[in-house]
Amino acid sequence: MAAEQSKSARAPLPVSDHQPAPYDGPSREEILNLRREYLNPGIVTYYKEPLCIVEGHMQYLWDEKGKQYLDAIAGIVTVSVGHCHPKITERVREQVGKLVHTTTIYLHPTIAQYARELARRMPEGAGLQTSYFTSSGSEANDLAVLMARLHTGRHEVVTLRNGYHGGSQSTMGLTAIGTWRYPVVAPAGARHVAPGYCYRCPSGQTYPSCDMNCAYAVEDVIRYETCGEIACFIAEPIQGVGGAVVPPPEYFGIVYDIVRKYGGLCIADEVQTGFGRTGEHYWGFENWGVTPDMITMAKGIGNGAPLGGCVTKPEIAAHLADRLHFNTFGGNPVSVLQGLTTLEIIDEENIQQNAKEVGAYLKDRLLELQDKYGGVGAANQNPDHKGAAQNQNPDRKGGPLIGEVRGLGLMIGVELVKNLQTKEPAIAETADIVEQAKTRGLLLGKGGLHGNVIRIKPPMCITKDDCDFLTDCLDECLETVTNRS
Ligand code: PMP
Numbered sequence: 146m147a148a149e150q151s152k153s154a155r156a157p158l159p160v161s162d163h164q165p166a167p168y169d170g171p172s173r174e175e176i177l178n179l180r181r182e183y184l185n186p187g188i189v190t191y192y193k194e195p196l197c198i199v200e201g202h203m204q205y206l207w208d209e210k211g212k213q214y215l216d217a218i219a220g221i222v223t224v225s226v227g228h229c230h231p232k233i234t235e236r237v238r239e240q241v242g243k244l245v246h247t248t249t250i251y252l253h254p255t256i257a258q259y260a261r262e263l264a265r266r267m268p269e270g271a272g273l274q275t276s277y278f279t280s281s282g283s284e285a286n287d288l289a290v291l292m293a294r295l296h297t298g299r300h301e302v303v304t305l306r307n308g309y310h311g312g313s314q315s316t317m318g319l320t321a322i323g324t325w326r327y328p329v330v331a332p333a334g335a336r337h338v339a340p341g342y343c344y345r346c347p348s349g350q351t352y353p354s355c356d357m358n359c360a361y362a363v364e365d366v367i368r369y370e371t372c373g374e375i376a377c378f379i380a381e382p383i384q385g386v387g388g389a390v391v392p393p394p395e396y397f398g399i400v401y402d403i404v405r406k407y408g409g410l411c412i413a414d415e416v417q418t419g420f421g422r423t424g425e426h427y428w429g430f431e432n433w434g435v436t437p438d439m440i441t442m443a444k445g446i447g448n449g450a451p452l453g454g455c456v457t458k459p460e461i462a463a464h465l466a467d468r469l470h471f472n473t474f475g476g477n478p479v480s481v482l483q484g485l486t487t488l489e490i491i492d493e494e495n496i497q498q499n500a501k502e503v504g505a506y507l508k509d510r511l512l513e514l515q516d517k518y519g520g521v522g523a524a525n526q527n528p529d530h531k532g533a534a535q536n537q538n539p540d541r542k543g544g545p546l547i548g549e550v551r552g553l554g555l556m557i558g559v560e561l562v563k564n565l566q567t568k569e570p571a572i573a574e575t576a577d578i579v580e581q582a583k584t585r586g587l588l589l590g591k592g593g594l595h596g597n598v599i600r601i602k603p604p605m606c607i608t609k610d611d612c613d614f615l616t617d618c619l620d621e622c623l624e625t626v627t628n629r630s
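Sequential numbering from 146 applies to the sequence shown in the working numbering.
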């Protein structure tokens, strides 16, 4: 009876007023068969029964049968202001009817206007005003490292363990999550240093008594493992694929100082953290009080358009003009229009403020779940939460536990473990929860080296009602998986 009551008290999925069009395309099974026959098997799908999504509106998606879902991962952190946002749709429709492509060999207004608008959103006085557009984040990172090498005349790069910077051969060498690396020589010349991942501190220390050893250790890596003259340091302000890893506030300040002491440029990979997602600031790096020399972006930049970019100072950008360099689709009139309109909507609809407010609300609700399914550590993160002990509920059978809830704004991770002391990753349980959530109409992401971090990075137009559904749904999934163990 008590269980029945708690079930009925759970917040439902808010019903969208958008009516999806009836779907009359090939069936899910037909699509699956086509994919199996004609697509590279490396193009993976989520879920045991892969989901077929045929329509989207703002924070919601629909499958071919008309079932509605809350999209809590936004096409992997890419849909910033809402699926098929009406303003973007209207403008893009008009542009597609006029001109789709010519390349940058001719003048077109939008690419130049867009570059100006991006420059206007950079920190005052940073000198970050020169853009180069690409179609993806991997290309943007590849280009940033190339420009850093040309500018410094050096080769070696420092980057963070547990970081993701792309899947091309060169950016794979920057990426330091083993599951994303193939057994080939990745030609990035990169050294990987420890990120500020306190929950899994490699030296088993605790912040702040650790005295930020992980950050100061970067100097030894440069002195011992490089020639002492580095081209650059590239890092995500909050690690995305690595599982929403938020470093201590002083981490980046210490590392940037060391990198600059050895002559390197600092590159912020804002592919996931940019455009207001972290709430308090427009750019992720601003949370840490540092200013990079170059910023790379993609994903959320274009609300789903194949658009990426690298913004830097004119003197660093200048070196690219020493040879011929070309990117066929970079700055395409359709994708930059989509980027430009996304910037406008972020301002007009207070998207950053929503990420801050709704993100804080969601994190608070998830910390309540941590009280129920874990507890230890919650008190450190939020004084309002008591940090209930693991055995608070004597009926618990000991299923997955919430080891940590972390993140800023609408970039949140929930790390699941089997044991709060050993922190053994709850791998199968995380996969099970993500499956369960799908059945209930909630689409979540997974991340971290072990795939045991639930990633929540929805379109930034999400509401508190959506967050109530999300949290209650996660609660139900955790309960179901716990009762099974
Ligand atoms: N940097 C980061 C931080 C990313 O998350 C990603 C994609 N997951 C990339 C770079 C690569 O972007 P793309 O897939 O567009 O090449």
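By construction, the Cβ of each residue, glycine as well, lies at the ideal position given by its N, Cα and C atoms.
Indicate, with yes or no, if ligand 1 has a heavy atom lying under 7 Å from the CB of residue i.
i      : result
Ala293 : no
Val386 : yes
Gln314 : no
Lys591 : no
Val456 : no
Ser281 : yes
Glu381 : yes
Lys101 : Here the chain covers residues 146 to 630 and nothing more, so residue 101 does not appear.
Asn286 : yes
Gly270 : no
Gln483 : no
Val416 : yes
Less than 8 Å between the C-beta atoms of residue i and residue j, yes or no?
i      : j      : result
Gly408 : Glu374 : yes
Lys568 : Gly548 : yes
Thr487 : Ile218 : no
Cys606 : Val222 : no
Ile461 : Met442 : no
Gly419 : Gly445 : yes
Gly449 : Val160 : no
Leu511 : Val550 : yes
How is residue i classed by DSSP in three states: helix, strand or coil?
i      : result
Met442 : strand
Asn455 : The sequence given here has Cys at residue 455, not Asn. Three-state DSSP puts Cys455 in a strand.
Tyr277 : strand
Ala154 : coil
Ile344 : According to the sequence shown, residue 344 is Tyr rather than Ile. Helix, per DSSP.
Thr304 : strand
Lys591 : strand
Pro570 : strand
Val115 : A query on residue 115 cannot be resolved here, the shown segment of the chain reaching from 146 to 630 and no further.
His337 : strand
Glu200 : strand
Leu215 : strand
Cys606 : coil
Asp611 : helix
Gln417 : coil
Arg261 : helix
Going by Cα to Cα distance, which pick from the options is closest to residue i?
i      : options                           : result
Pro171 : Gln384, Ala339, Glu415 and Val199 : Val199
Gly388 : Gln417, Pro328, Asn448 and Leu410 : Gln417
Asp577 : Ile607, Thr616, Ile557 and Arg629 : Arg629
Ala339 : Thr316, Arg299, Glu381 and Leu295 : Glu381
Ile383 : Lys602, Gln515, Leu291 and Asp208 : Lys602
His296 : Glu624, Leu546 and Pro459         : Pro459
Thr324 : His595, Asp613 and Thr608         : His595
Gly475 : Tyr259, Pro437 and Gly421         : Tyr259
Thr279 : Glu182, Pro451, Glu502 and Gln204 : Pro451
Glu493 : Gly421, Gly242 and Tyr168         : Gly421
Ala466 : Tyr277, Leu273 and Asp208         : Tyr277
Asn477 : Leu184, Thr248 and Ser313         : Thr248
Ala573 : Ile557, Leu555, Met556 and Asn597 : Asn597
Arg155 : Asp613, Thr627 and Val503         : Asp613
Ala360 : Val400, Thr371 and Tyr344         : Val400
Thr473 : Ala362, Val245 and Pro268         : Val245
Pro167 : Pro268, Gly187, Met203 and Gly211 : Gly211
Using 10 angstroms around the beta-carbon of residue i, count the other beta-carbons present and answer buried if the total reaches 16, otherwise exposed.
i      : result
Ser348 : exposed
Ala582 : buried
Asp414 : buried
Tyr342 : buried
Val303 : buried
Gly522 : Interpretation of Gly522 is limited by its pLDDT of 48, a score under 50 that renders its predicted location unreliable; the figure taken from the coordinates is listed afterwards. Result: buried.
Lys406 : exposed
Tyr251 : exposed
Ser281 : buried
Asp529 : In this prediction, Asp529 scores a pLDDT of 44, lower than 50, which makes its location untrustworthy; the coordinate-derived value is nonetheless stated afterwards. Flag for Asp529 reads exposed.
Ser283 : buried
Cys372 : exposed
Is residue i near ligand 2, with its Cβ less than 7 Å from a heavy atom?
i      : result
His310 : Here the bound small molecules are ligand 1; ligand 2 is not part of this structure.
So is residue i in contact with chain C if we call contact Cβ pairs under 8 Å?
i      : result
Arg345 : Of the chains in the structure shown, none is chain C; there is only one protein chain.
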